[in-house]
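A.B. asks:
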Amino acid sequence: MDLRDSAEEARFRARLRTWLAENVPDESEPAVLAERWPYMRAFQERLYRAGWVALSYPTDVGGQGLGPMEEAILSEELGRANAPTLLPLGHLGRPLHRYGSEEQRRRYLRPLLAVEEIWCQGFSEPEAGSDLASLRTRAVREGEEWVIDGHKIWTSYGAFADYCLLLARTDPDAVRHRGISAFIVPLDTAGVTVRPIVLANGEEEFAEIFLDGVRIPAENMLGEPSDGWRIAMDVVNYERGAVETGYLPKFARYLSELGEVLTASGLGADRAARLRLGRVAAHLEVLRMHCLRTLSARVSGAPPGPESSVDKLLMTAVEQELMDLSIELVTDVGSPGRAEWFDRYLYGRAGSIYGGSAQVQRNILAERMLGLPRQQG
Amino acid sequence: MDLRDSAEEARFRARLRTWLAENVPDESEPAVLAERWPYMRAFQERLYRAGWVALSYPTDVGGQGLGPMEEAILSEELGRANAPTLLPLGHLGRPLHRYGSEEQRRRYLRPLLAVEEIWCQGFSEPEAGSDLASLRTRAVREGEEWVIDGHKIWTSYGAFADYCLLLARTDPDAVRHRGISAFIVPLDTAGVTVRPIVLANGEEEFAEIFLDGVRIPAENMLGEPSDGWRIAMDVVNYERGAVETGYLPKFARYLSELGEVLTASGLGADRAARLRLGRVAAHLEVLRMHCLRTLSARVSGAPPGPESSVDKLLMTAVEQELMDLSIELVTDVGSPGRAEWFDRYLYGRAGSIYGGSAQVQRNILAERMLGLPRQQG
Amino acid sequence: MRFALSDDQQFLQKVTDEVVGQALAATPARSAATDGGELRAALWSTLVELDLVALLVPVEHGGPGGSLTDACVVAEVLGRHLAPVPYVGTAIAAAALLRFAGGPPAALAGLAAGEPYSVLLDQHLADPDGPDGPDGPDGPDGSVSIAFDWVAGARGVALSPDGVATTYELAAGEEVDDVDLLHRLRRFDPVPAAAPRGDDARRARAMAWTGAAALLTGLADGALATATEYARQRHQYQRPIGSFQAVQHLCADMLVDVETSRSMTYGASWAAEHAPIDEAMRVAAAAKAYAGAAAVRVCETSIQVLGGIGVTDEHDAHLRLRTAHLHHAAFGGPDAPMLLLADRILEGN
Amino acid sequence: MRFALSDDQQFLQKVTDEVVGQALAATPARSAATDGGELRAALWSTLVELDLVALLVPVEHGGPGGSLTDACVVAEVLGRHLAPVPYVGTAIAAAALLRFAGGPPAALAGLAAGEPYSVLLDQHLADPDGPDGPDGPDGPDGSVSIAFDWVAGARGVALSPDGVATTYELAAGEEVDDVDLLHRLRRFDPVPAAAPRGDDARRARAMAWTGAAALLTGLADGALATATEYARQRHQYQRPIGSFQAVQHLCADMLVDVETSRSMTYGASWAAEHAPIDEAMRVAAAAKAYAGAAAVRVCETSIQVLGGIGVTDEHDAHLRLRTAHLHHAAFGGPDAPMLLLADRILEGN
């Protein structure tokens with residue numbers, strides 16, 4: 026155990042801090058997505074040009090050849106500097122890197138990491154949510170093309186994306202998660218329609234993608250036929266880890282804002298409020314420590330496994346507890362900021378649903394980590 | 026809606042209050058069961074002689090011919106008078122009354138209600154807990170006798186009982202809950218061994234009953250062959266209702282004691298403690314109101330159904346919340362009374378297990394009240 | 126003792142359910158968030174015509190002479206349908222304040238005739254022992270400025286410092302950006318006001334709390350119905366999700382919350398009107414505290430069962446959760462009832 | 126940054142696990158409640174022989190020069206096995222107090238040699254802003270009287286009012302009837318004491334909190350193992366109960382609690398010893414608060430999975446729950462760490 030930066034890590038952190046001090050924009054993050062997207066994208070481009078993106082990717086694909094520790098330091102320092110939220114797209118580079126052909130890696134990976142081309146993830150469908158293996162989108166081979174028909178949903182930032190990493194059924198006879206393949210789909214192909222989904226808090230970061238006779242070249246399959254499930258599980262496990270999502274600094278900022286609310290309302294000395302605040306603060310420390318542990322385990326290079334469901338459940342629990350606290354503390358109707366806190370709280374309710382519902386995460390832990398007997402039926 | 030006593034109910038309550046003022050013993054309930062049992066029994070005998078027991082049973086079997094309202098008033102007034110806890114045996118009279126032959130009712134019901142003969146319930150087995158239908162105790166007909174072999178567990182007050190209402194499998198070929206019959210087993214019969222179970226809090230109110238070639242007369246079957254399951258469900262539904270258990274007054278007393286603890290510790294003005302206390306107080310009001318509603322529904326005479334699982338889950342939740350509060354408020358190690366509160370808290374953990382675990386109650390509500398599709402497998 | 130709805134009340138429930146159900150089948154509740162008040166006004170006049178708004182107005186002032194239980198039956202149905210009308214504010218809270226705290230007879234008669242009244246919220250006044258005391262950040266000592274369940278043309282009602290229900294013209298004012306999209310709040314120039322301390326004002330408070338509890342119970346019941354319906358139809362892993370024990374248990378916990386809230390609310394609907402004032406306050410406080418927390422819990426769980434669609438703007442689930450939060454917070458904040466109950470116990474020692 | 130046990134620490138974990146496991150397989154932990162101290166003494170001398178008790182004693186006073194992480198590895202194993210030894214009190218809390226708060230060198234040497242030391246609990250002192258303040262009901266202002274993890278012959282250690290760790294002969298005294306049956310408390314004549322305010326005393330407090338968190342993590346891990354083992358074997362409805370989703374999800378929630386407690390505890394085991402004092406306190410406070418609440422929750426859930434046998438005296442489940450509650454409450458009560466964390470945030474504003 027040693028939570029100190031190594032000499033190398035310390036140098037990295039110092040350089041990063043200096044850069045952030047000069048480059049984090051003064052204006053704060055716009056609330057409306059249409060303004061927030063270019064704001065986030067511009068900062069991420071600036072980060073990339075300065076060499077702070079794709080830290081743990083090899084240099085030959087546009088990364089920095091560093092490790093997960095540097096990714097963690099980046100996440101911490103961005104939070105400390107109150108920097109714009111990063112686009113949560115880094116995990117889509119992983120499957121491209123791992124399963125892509127030489128040509129695919131060369132063609133797609135660098136523009137993805139450089140934020141020149143935006144990617145999204147086409148996994149869920151209206152009838153295939155937690156049960157991803159029941160997906161119905163199908164791809165049929167016709168000569169040198171695949172013809173894709175289907176309907177994807179819950180695609181993050183789909184409205185802004187250029188490419189979609191899409192799952193489709195290529196073998197209609199294979200059962201469930203066999204027979205699924207992964208494709209690289211340019212979203213400007215004829216037959217693709219993208220429609221934003223408005224969330225309860227007004228957010229439009231998700232979208233639906235309709236695919237109607239969409240033709241893509243045969244070489245746009247990622248990996249081998251029927252590799253789709255394996256690729257999807259890799260992505261999902263990365264997605265579940267807290268580290269790459271930038272949640273940690275965001276939560277810390279929220280907590281500090283709640284402290285300000287308390288102080289302003291004169292409740293700072295109230296023991297009930299202090300106990301609640303302290304409880305959430307403890308949970309945030311737990312999230313931080315658990316992320317450090319997860320990161321350390323990743324230094325070996327092994328992709329995350331079913332234990333990432335612990336990370337996901339923890340992250341969800343911390344977010345929901347934090348948001349519940351905000352609703353408990355900001356209860357005077359019409360008090361300033363109440364509607365904004367409520368929007369965050371509403372968004373937090375989605376945490377136990379997307380990326381596999383809390384129920385699915387518990388199934389995974391029970392059967393794959395604890396070895397309990399399979400549920401019957 | 027009218028929560029006032031009717032004129033008749035008001036007269037009943039007034040008479041009862043007068044009697045209780047003169048008859049509730051001054052010395053408080055002993056903590057140790059060996060002393061508490063005779064204390065409880067003596068008071069219940071006194072209650073019976075004065076006509077306050079079996080209020081809602083017909084007069085011809087030793088009851089008072091009144092209704093569930095009077096039972097509720099009794100429960101309330103006993104609590105208000107800080108009277109000894111009633112023996113929770115009243116629900117065993119119900120199946121005797123409903124399913125018993127003329128002769129059985131004549132022979133057993135009055136001594137049961139009069140506390141002359143103590144009854145217990147032989148349902149659960151080591152391998153048949155929540156899944157009562159998997160019970161293995163068997164009764165084989167030999168001439169004019171039944172021969173019973175098996176092992177019962179979690180029998181309340183089994184060590185003090187004279188008779189056991191026992192479930193046994195009489196048809197080994199019938200599946201699960203078919204083929205089970207109910208018997209009246211005198212516990213002084215040869216082959217019966219009763220062994221107390223010591224609970225984590227030191228309580229010995231439960232017992233195991235071993236039956237080894239126990240022979241009872243053929244006429245000791247209650248109801249028809251294979252009526253056992255129906256009889257058991259009746260008992261269980263009565264048992265789940267809060268009204269006949271005397272919990273309500275006990276909880277109110279505990280809450281008032283916790284108020285004293287708070288006042289004594291100087292935490293009476295602490296908002297955190299007051300909020301917690303108020304939350305539990307609200308839940309106690311809910312329990313009271315829900316019991317009144319259940320009672321009103323019973324005025325029609327219909328036995329309770331699957332909705333009694335709401336009562337049971339509510340009662341458990343209120344008890345555990347109350348006990349959690351006590352542990353939160355009495356945290357100074359070694360502070361006076363902490364060990365006693367802890368014993369009550371430990372006992373509260375059993376509330377979500379006995380009488381059908383909380384999980385089983387939720388299954389019942391989901392499938393039988395909400396009509397959700399049956400669990401598969 | 127009789128804890129059950131009378132035949133008349135069951136009829137009232139059925140009629141209200143049909144009328145409101147039909148109206149909202151034609152025009153969904155959510156449209157009230159953007160239609161400039163059209164649906165709200167249409168639904169309100171239906172309720173006025175059926176004499177449901179005037180239930181708490183005494184006969185001598187033109188009301189039909191109903192009980193708080195009657196009004197709670199209506200409020201529960203409105204909550205179940207998520208009806209965007211100012212029923213709790215006008216027909217229960219304002220009516221009770223005018224009736225018990227000596228409000229002007231003309232106002233009661235106007236209310237009976239369908240004139241809208243909006244309660245000026247005393248969230249900063251309701252907890253005399255709270256850290257805020259009666260001095261809130263909204264204005265000078267003991268003043269109120271936020272109108273609850275406001276509609277265009279509504280007069281405001283508040284308890285003036287002498288403890289009498291007083292009405293105010295609410296000419297100007299600005300929309301308040303709170304969480305509920307179907308029940309409106311509007312901020313006006315502060316008027317002086319007192320915490321409900323006298324017995325009459327406390328009775329009115331108990332009735333407002335109970336009315337909110339009834340609406341909250343209805344909201345929860347609707348959320349439960351939506352979730353169980355979805356759980357029966359939605360298939361994942363080749364079976365209805367309602368056949369999974371995890372989903373079943375979420376639904377069962379919702380049912381417990383709904384049924385126990387209902388017991389508490391109807392018990393309080395009798396006690397808040399008829400019991401001695403201390404008991405009325407105690408029982409109403411329990412109803413408000415419990416039904417509020419339960420409704421929030423149930424609406425959250427319902428969203429969990431609904432999965433992805435439950436967090437979209439187009440589904441009503443968030444509208445329901447929003448309305449639950451507003452009513453949980455209204456009339457003194459969520460903590461005031463619990464603090465009152467605690468102090469009862471502490472005073473007893 | 127390296128968040129992982131070293132090879133040496135994994136070896137330490139393995140050896141401790143084997144030694145303690147063998148000892149308790151021969152004589153069950155529960156016998157310590159009634160055997161007059163026999164098992165406790167036997168197990169303790171094994172730990173002393175292996176130099177596990179002296180891990181925090183500096184080399185110059187005869188210790189092996191271990192780290193707090195080493196001691197937490199041992200404490201976690203002891204918790205998992207429910208070992209009835211005064212490890213947290215003597216080997217972590219007392220050792221840290223003697224070492225950091227200028228305790229007499231002879232006491233550290235004695236501790237290294239296996240002499241028992243018992244920490245005098247300052248539960249009434251630890252929360253300077255709490256309603257009690259430093260004046261507890263146990264004696265005059267700033268006095269302590271309850272010895273934690275007491276064994277026959279133990280000397281007491283407390284922070285005297287000048288902020289220095291001081292030892293006391295504990296001649297007489299009476300057994301305290303608290304909740305834990307395996308870790309003993311004894312009440313003595315009060316001695317004057319101070320809250321841990323100086324940096325050295327706070328470091329010792331951070332280490333005691335972290336040690337308790339390690340024991341609590343082990344307790345929870347053992348409870349989880351017991352429950353999952355039972356869920357695999359116990360059949361109801363003709364299938365293992367562990368195949369029911371409701372049981373699976375209870376177990377999954379326990380696993381999340383255990384793994385996250387573990388992350389927090391080991392993170393704190395480094396920070397409490399090495400980080401700047403404010404960070405050390407913050408992280409240790411989070412570990413104590415979180416692992417305490419999690420262990421209680423997990424031990425309760427484990428009982429639910431065990432069903433009837435879980436609430437009997439003969440099963441260890443209640444002993445585990447009892448030990449969890451004592452350690453959750455020790456060293457200042459369950460609230461002190463959370464209040465400290467809250468005040469950090471509030472001071473930041």
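Chains as they are written, first to last, in my numbering: chain A, 26 to 402; chain B, 26 to 402; chain C, 126 to 474; chain D, 126 to 474. The beta carbon of each residue, even a glycine, is placed where N, CA and C say it ideally should be.
1) Express the C-alpha separation of A318/D and Q147/D in angstroms, rounding to a whole number.
2) Can you tell me whether DSSP reads V385/B as helix, strand or coil?
3) Note the first and the last residue of the continuous beta strand (DSSP E) segment covering V381/D.
4) Buried or exposed: which applies to F136/D, given that a residue is buried once 16 or more other Cβ atoms fall within 10 Å of its Cβ?
5) Count the other CB atoms within 10 Å of the CB of V184/D; is the residue buried (16 or more) or exposed (fewer)?
6) Say whether chain B places a C-beta atom closer than 8 Å to the C-beta of E425/D.
7) In chain D, what lies closer than 7 Å to A225/B by C-beta?
8) When we look at the beta-carbon of T84/B and count the other beta-carbons within 10 Å, is it buried (16 or more) or exposed?
9) My assumption, with CB atoms under 8 Å, is that I178/A sits in contact with A164/A. Please give the rounded CB distance.
10) Hey, does P398/B have any beta-carbon neighbour from chain D nearer than 8 Å?
11) Can you name the start and end residues of the alpha helix (DSSP H) that F136/D belongs to?
12) State the DSSP-derived secondary structure class of Y372/B, mapped to helix, strand or coil.
13) Buried or exposed for D27/A, please, with buried defined as at least 16 other CB atoms from any protein chain shown within 10 angstroms of its CB.
14) Taking a Cβ distance cut-off of 9 Å, strictly less, list which residues of the region 194-208 of chain C are near chain A, in chain order.
15) Given this structure, state the Cα-to-Cα distance separating N226/A from D438/C, to the nearest angstrom.
16) Using 8 Å for Cβ pairs, my map puts T218/A next to F235/A. What's the rounded Cβ distance?
17) Considering Cα atoms alone, identify which of Q373/D, R205/D, Q363/D is closest to A153/B.
18) Got a sec? Which residues, its chain only, sit under 6 Å from F68/A by beta carbon, not counting five neighbours each side?
19) Considering only C-alpha positions, which residue in the set G293/A, E70/A, H116/A is nearest to D468/D?
20) Could you tell me the boundaries of the beta strand (DSSP E) in which A97/B lies?
21) Near G190/C, what residues of its chain come up, given a Cβ to Cβ distance below 7 Å and the 5 sequence neighbours on each side ignored?
22) Contact between the region 284-303 of chain C and the region 225-232 of chain C is defined here as three or more beta-carbon pairs at a separation below 8 Å; is this criterion met?
23) Counting only beta-carbon atoms, is Y293/D nearer than 8 Å to chain B?
24) Any C-beta of chain B within less than 7 Å: which residues of the region 312-344 of chain D qualify?
25) To which residues of the same chain is A32/A closer than 7 Å at the C-beta, ignoring the five residues directly before and after it?
26) Using a threshold of 8 Å, state whether the C-beta atoms of G112/D and T353/D are closer than that.
27) Using alpha carbons as the reference points, say which of L302/B, E228/B, R220/B, T341/B lies closest to V381/C.
28) Between the C-alpha atoms of A461/D and R323/A, what's the straight-line distance to the nearest angstrom?
29) In chain B, which residues lie less than 7 Å from V304/D when you measure between Cβ atoms?
30) Using only the alpha-carbon positions, how far apart do A106/B and R40/B sit?
31) With H, G and I counted as helix, E and B as strand and the rest as coil, what does DSSP make of E300/D?
32) So A297/A contacts chain B; which residues on that side make the cut at Cβ distance below 9 Å?
33) Determine the chain B residues that contact D460/C at a beta-carbon separation under 7 Å, and present them in chain order.
34) So L375/D and V430/D are supposed to be a Cβ contact under 8 Å. How far apart are they, rounded?
35) For a test of the three-state rule: what should DSSP assign to G303/A, helix, strand or coil?
36) In chain D, which residues lie less than 8 Å from Q370/C when you measure between Cβ atoms?
C.D. replies: Taking the coordinates as given:
1) Cα to Cα, Q147/D sits roughly 40 Å from A318/D.
2) DSSP places V385/B in the helix class (H, G or I) of the three-state scheme.
3) Not the beta strand (DSSP E): V381/D falls in the alpha helix (DSSP H), residues 370-399.
4) Flag for F136/D reads exposed.
5) That one is exposed.
6) It does; some Cβ of chain B falls within 8 Å.
7) The contacting residues are V436, T437, D438, H443.
8) Exposed, because fewer than 16 other Cβ atoms sit within 10 Å of the Cβ of T84/B.
9) That pair is no contact at about 18 Å.
10) Closer than 8 Å: no.
11) Its alpha helix (DSSP H) spans residues 132-151.
12) It is helical.
13) Per the 10 Å Cβ criterion, exposed.
14) Within the region 194-208 of chain C, no residue has a Cβ that lies closer than 9 Å to any Cβ of chain A.
15) When rounded, the separation of the alpha-carbon atoms in N226/A and D438/C is 7 Å.
16) At roughly 4 Å, the Cβ-Cβ gap stays under 8 Å, so T218/A and F235/A are in contact.
17) Selected option, being the one with the closest Cα: Q363/D.
18) These residues qualify, in order along the chain: P109.
19) Among G293/A, E70/A, H116/A, the Cα nearest to that of D468/D belongs to G293/A.
20) Not the beta strand (DSSP E): A97/B falls in the alpha helix (DSSP H), residues 93-105.
21) Excluding positions up to five away in sequence, the list reads P183, V184.
22) A contact exists between the region 284-303 of chain C and the region 225-232 of chain C.
23) No, Y293/D does not count as interfacial toward chain B.
24) Those would be R312, in chain order.
25) For A32/A, where only same-chain residues beyond five positions count, there are no Cβ hits under 7 Å.
26) No information on residue 112/D is available, as it lies outside the stretch 126 to 474 that chain D covers here.
27) Answer by Cα proximity: T341/B.
28) Just so you know, the alpha carbons of A461/D and R323/A end up roughly 35 Å apart.
29) The contacting residues are R363, A364, F367.
30) Each residue's Cα considered, the two are about 13 Å apart.
31) The answer is strand: DSSP assigns E300/D an E or B state.
32) Neighbours of A297/A on chain B, chain order: D295, R296, A297, A298, R299, L300, R301.
33) Residues of chain B passing the Cβ test: L300.
34) Correct: roughly 6 Å between the Cβ atoms.
35) Three-state result, G303/A: helix.
36) Chain D residues near Q370/C: F369, Q370, A371.
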